[in-house]
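For the sequence shown, the numbering used here begins at 1381 and goes up steadily by one. All residues carry an ideal CB built from backbone N, CA and C; glycine is no exception. Here the structure is a predicted model, which is why all the values come from computation and not from measurement.
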Amino acid sequence: MYVPFENLPEESRIWIYQSNRKFSDAEFSEIEKDLQQFLENWAAHGTSLEASYQLKYNRFIIIAVNQEVQLATGCSIDASVAFIQSLEQKYQVDLLDKMNVTFKLGEHIAHKPLIDFKKMVKDKAVTGNTIVFNNLINTIQEYNESWEVPAIDSWHSRFF
C-alpha cells in the first residue's frame, strides 16, 4: 500500500538505487507511475506493505517500507529487486552496481566507478569535503541525516 514518504516513521527501512546516468524528466515521470503501481501491490506473505518512494536528482530511486506495520521479507525484497531490474532493462541503465560512487561537483552530480573515484582522490580532484551520496544507509532517519555528507564522514573516508 502506497503512502506519502513523509508519513513513514524515521525507523522505516530504505533501499537506495543510483543510476549510472541521469534520467530524463519524461523517464522519471514514467518511473514514478510504475513505482506507485508496484508499491500499491507490494506485499509480504499476502500482507500489504506500507511503502513509499522518493526520486532525487533524476538519478536516485529510494524505496521505503514501514517495518512496524509489516516486515519486508525475502520474497517481497526479491520482488522489489525484480522491479528494479525491470527498470534497468526498460531504460538501459545500471541501478544495482554498488561499486560506483555518486558525488557532487559543484551543482553537477557525477557518477564514477569506485576505481576512478579512488584515482580522483589521489589526484586531489575530490577531497574529504566533497559531498558524496552514502547509499549504504538503512533507515529514513539515516537518509535524512547522513545520505548527502562530506566524503570524510562516510564510508568513502577510507580513500583519504
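According to the Cβ coordinates, are residue i and residue j closer than 8 angstroms?
{"i": "residue 1463", "j": "residue 1482", "result": "no"}
{"i": "residue 1444", "j": "residue 1432", "result": "yes"}
{"i": "residue 1399", "j": "residue 1461", "result": "no"}
{"i": "residue 1381", "j": "residue 1429", "result": "yes"}
{"i": "residue 1391", "j": "residue 1519", "result": "yes"}
{"i": "residue 1442", "j": "residue 1394", "result": "yes"}
{"i": "residue 1476", "j": "residue 1467", "result": "no"}
{"i": "residue 1446", "j": "residue 1389", "result": "yes"}
{"i": "residue 1435", "j": "residue 1396", "result": "no"}
Taking its Cβ as the centre, do 16 or more other Cβ atoms sit within 10 Å of residue i, making it buried, or is it exposed?
{"i": "residue 1427", "result": "exposed"}
{"i": "residue 1487", "result": "exposed"}
{"i": "residue 1401", "result": "exposed"}
{"i": "residue 1495", "result": "exposed"}
With DSSP as the reference, please indicate the residues paired to residue i in a beta bridge.
{"i": "residue 1480", "result": "1493"}
{"i": "residue 1519", "result": "1393"}
{"i": "residue 1554", "result": "Not covered by the structure: residue 1554. The range shown for the chain is 1381 to 1540."}
{"i": "residue 1445", "result": "1393, 1431"}
{"i": "residue 1424", "result": "1427"}
{"i": "residue 1436", "result": "1440"}
{"i": "residue 1485", "result": "1488"}
For a cutoff of 8 angstroms on Cβ pairs, would you count residue i as touching chain D?
{"i": "residue 1477", "result": "You won't find chain D in this structure, because it holds only one protein chain."}
Quick one: is the Cβ of residue i within less than 7 angstroms of any heavy atom of the ligand SAH?
{"i": "residue 1416", "result": "In the structure on display, the ligand SAH does not appear, and there are no ligands present to speak of."}
Stretch pair the region 1415-1424 + the region 1484-1502: three plus CB contacts closer than 8 angstroms: no
Any 3 or more C-beta pairs closer than 8 angstroms across the region 1506-1521 and the region 1529-1537: yes
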